[in-house]
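Chains as they are written, first to last, in this note's numbering: chain A, 7 to 200; chain B, 7 to 200. Only one structure is covered here, and it is reproduced in the block below.
2 protein chains.
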Amino acid sequence: MNAMTPSPTTNKRQHVVDTAYALFKRDGFHATGIDRIIAEADIAKMTMYRHFPSKDELIVEVLEHRARRFERQLDRLAQEVATPEQKIGKIFDWHERWFRSADFHGCLFAHALAEFGDPGHPVFKAVARQKNGLKRRMQSILEEVMPPGQAESAAAALLMLIEGATLMAQMGQPAIDGARKAAAAIIASARTPQ
Amino acid sequence: MNAMTPSPTTNKRQHVVDTAYALFKRDGFHATGIDRIIAEADIAKMTMYRHFPSKDELIVEVLEHRARRFERQLDRLAQEVATPEQKIGKIFDWHERWFRSADFHGCLFAHALAEFGDPGHPVFKAVARQKNGLKRRMQSILEEVMPPGQAESAAAALLMLIEGATLMAQMGQPAIDGARKAAAAIIASARTPQ
DNA sequence: TAGGTATGAGACAGACCTGTCTCATCACCG
DNA sequence: CGGTGATGAGACAGGTCTGTCTCATACCTA
């Protein structure tokens, strides 16, 4: 296997992940059958099952791939600005662009949580990892300007706002501006408690 | 049909709704089959299909029943207190108790939105009605102490907080206190803009 | 050229899905 | 007693689900 030419295995595997992502996003997890995925990806069923031992593991793979991509994008955005307020602002910017994108269908992780509510299920755990990652990111940003305790609860509040804004955006109600103002009020309040 | 004795039709119908609610809440909508519902409710399949023309309509009925129940409970709680802050506080109280309840599995409406993402689908519309109802309720409470424009965006922010808190509660992360503090900051900020 | 690997194509199993149909039964009511 | 409406029980159709299996076919490399 030449190291310069990408492995065909990797290509097929990623192609399945991308195709499954698009279908899961639009139609949901249980409503999207394996047959639909392989038809859309134009691959044989066995090709998929050779890469992923089960549909559940494919779902986890899709979620983890999207989570990594999300983290990379936020990393990049954070480097563009200096102050904690600006970094938080960039996170809201990211979501605002996402809400306006043509194929926005809500948060895939929240949807996964809705369909896999068992805390022991691998999909549930993958969702928890992603949400905790975002919360930790905001928390460490806020710790630059407030004590850790304040930063923890403020980060939780910001995460709630973002999740809520995503849900409202899915219902066609633009609320990112309100979320932004509320976030500013929360941060200001945490900066100067009482 | 005697008006004093409740119609057996109504009883069976409600029994199906209640049983379906418990199963949808725990396992999701697509993952819960008709066969499971009628087995758990201990009724014949035809009895169900005589009351509900399709599974989708049963889902809508379940959602609407829960929405009516929710509205009644909030109506009652609102009458116990006087100030807008207290009324909003009662809404957060309700959610706090809900999060602590033994069979809490997240918001059924949010889950329905995850599985029925088509805005034209009756289930989607039922979800939008419920969320808009809660937002309107908070908005009219807030209009007692701030201009309508401020009340609208503050209500949207509070709704986002509540939805986000529900999602975090489902992931086992208690965040209602943080949401409460954030709500106070939002309302204070809207009361005295700038 | 020979061999190993990835893939394609599709049959197949066994279960589950929604929704319809028939026939029997039971309760109530005039 | 006779009739009516709600219900029970279960077969049935037609489709879809996940996952496994076999066999043929490319393709790259040694």
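Glycine included, C-beta positions come from ideal geometry on N, C-alpha and C. All of these numbers come straight from a predicted model, not from anything done at the bench.
Span of the alpha helix (DSSP H), counted from its first residue to its last, around residue i
{"i": "V68 (chain A)", "result": "K61 to A84"}
{"i": "V129 (chain B)", "result": "P128 to L148"}
{"i": "Q176 (chain B)", "result": "P154 to Q176"}
{"i": "G95 (chain B)", "result": "P90 to R106"}
{"i": "A189 (chain B)", "result": "I182 to R197"}
{"i": "A120 (chain B)", "result": "L114 to E121"}
{"i": "H57 (chain A)", "result": "K51 to H57"}
{"i": "A47 (chain A)", "result": "I40 to A47"}
Outcome for residue i when other beta-carbon atoms lying within 10 angstroms are tallied against a minimum of 16
{"i": "Q85 (chain A)", "result": "exposed"}
{"i": "G39 (chain A)", "result": "exposed"}
{"i": "A88 (chain B)", "result": "exposed"}
{"i": "G126 (chain B)", "result": "exposed"}
{"i": "A50 (chain A)", "result": "exposed"}
{"i": "R186 (chain B)", "result": "buried"}
{"i": "R82 (chain B)", "result": "exposed"}
{"i": "G112 (chain B)", "result": "buried"}
{"i": "M52 (chain B)", "result": "exposed"}
{"i": "G178 (chain A)", "result": "exposed"}
{"i": "G155 (chain B)", "result": "exposed"}
Among the options, the one whose alpha carbon lies nearest that of residue i
{"i": "H101 (chain B)", "options": "B:K131, B:H57, B:E169 and B:R135", "result": "B:E169"}
{"i": "V23 (chain A)", "options": "A:E67, A:E149 and A:M166", "result": "A:E67"}
{"i": "F122 (chain B)", "options": "B:L69, B:A181 and B:I192", "result": "B:L69"}
{"i": "V133 (chain B)", "options": "A:Q176, A:R106 and A:F130", "result": "A:Q176"}
{"i": "K37 (chain A)", "options": "B:R75, B:A108 and B:A118", "result": "It is worth fixing the name first, because residue 37 (chain A) is Ala in this sequence and not Lys. It is B:A118."}
{"i": "L148 (chain A)", "options": "A:I49, A:I65 and A:A157", "result": "A:A157"}
{"i": "R75 (chain B)", "options": "B:R42, B:L140 and B:P180", "result": "B:L140"}
{"i": "D109 (chain A)", "options": "B:A188, B:D124 and B:F105", "result": "B:D124"}
{"i": "A163 (chain A)", "options": "B:M174, B:S159 and B:A162", "result": "B:M174"}
{"i": "M152 (chain A)", "options": "A:S195, A:E46 and A:L29", "result": "A:S195"}
{"i": "M144 (chain A)", "options": "A:I193, A:L114 and A:F115", "result": "A:I193"}
{"i": "R197 (chain B)", "options": "B:L167, B:L64 and B:A161", "result": "B:A161"}
{"i": "L64 (chain A)", "options": "A:R78, A:E77, A:D48 and A:F35", "result": "A:F35"}
{"i": "A47 (chain A)", "options": "A:D33, A:R32 and A:Q20", "result": "A:Q20"}
{"i": "E142 (chain B)", "options": "B:L114, B:F130 and B:E77", "result": "Just to set this straight, residue 142 (chain B) is Arg in the shown sequence, not Glu. The residue with the shortest Cα to Cα distance from R142 (chain B) is B:E77."}
{"i": "K31 (chain B)", "options": "B:D99, B:L114 and B:F130", "result": "B:L114"}
Cα-Cα separation, residue i to residue j
{"i": "Y27 (chain A)", "j": "K93 (chain B)", "result": "42 Å"}
{"i": "A73 (chain A)", "j": "I97 (chain A)", "result": "14 Å"}
{"i": "R212 (chain A)", "j": "G184 (chain B)", "result": "The question about residue 212 (chain A) has no answer, for chain A in this structure spans 7 to 200."}
{"i": "T25 (chain A)", "j": "D62 (chain A)", "result": "15 Å"}
{"i": "A171 (chain A)", "j": "P180 (chain A)", "result": "8 Å"}
{"i": "S146 (chain A)", "j": "N17 (chain A)", "result": "36 Å"}
{"i": "W104 (chain B)", "j": "A120 (chain B)", "result": "21 Å"}
{"i": "A190 (chain A)", "j": "S159 (chain A)", "result": "14 Å"}
{"i": "P90 (chain B)", "j": "P128 (chain A)", "result": "43 Å"}
{"i": "S107 (chain A)", "j": "A45 (chain A)", "result": "26 Å"}
{"i": "D33 (chain B)", "j": "A116 (chain A)", "result": "15 Å"}
{"i": "R56 (chain A)", "j": "Q79 (chain A)", "result": "31 Å"}
{"i": "N138 (chain A)", "j": "P59 (chain A)", "result": "27 Å"}
{"i": "R42 (chain B)", "j": "I43 (chain A)", "result": "27 Å"}
{"i": "G95 (chain B)", "j": "I182 (chain B)", "result": "11 Å"}
{"i": "L167 (chain A)", "j": "M54 (chain B)", "result": "40 Å"}
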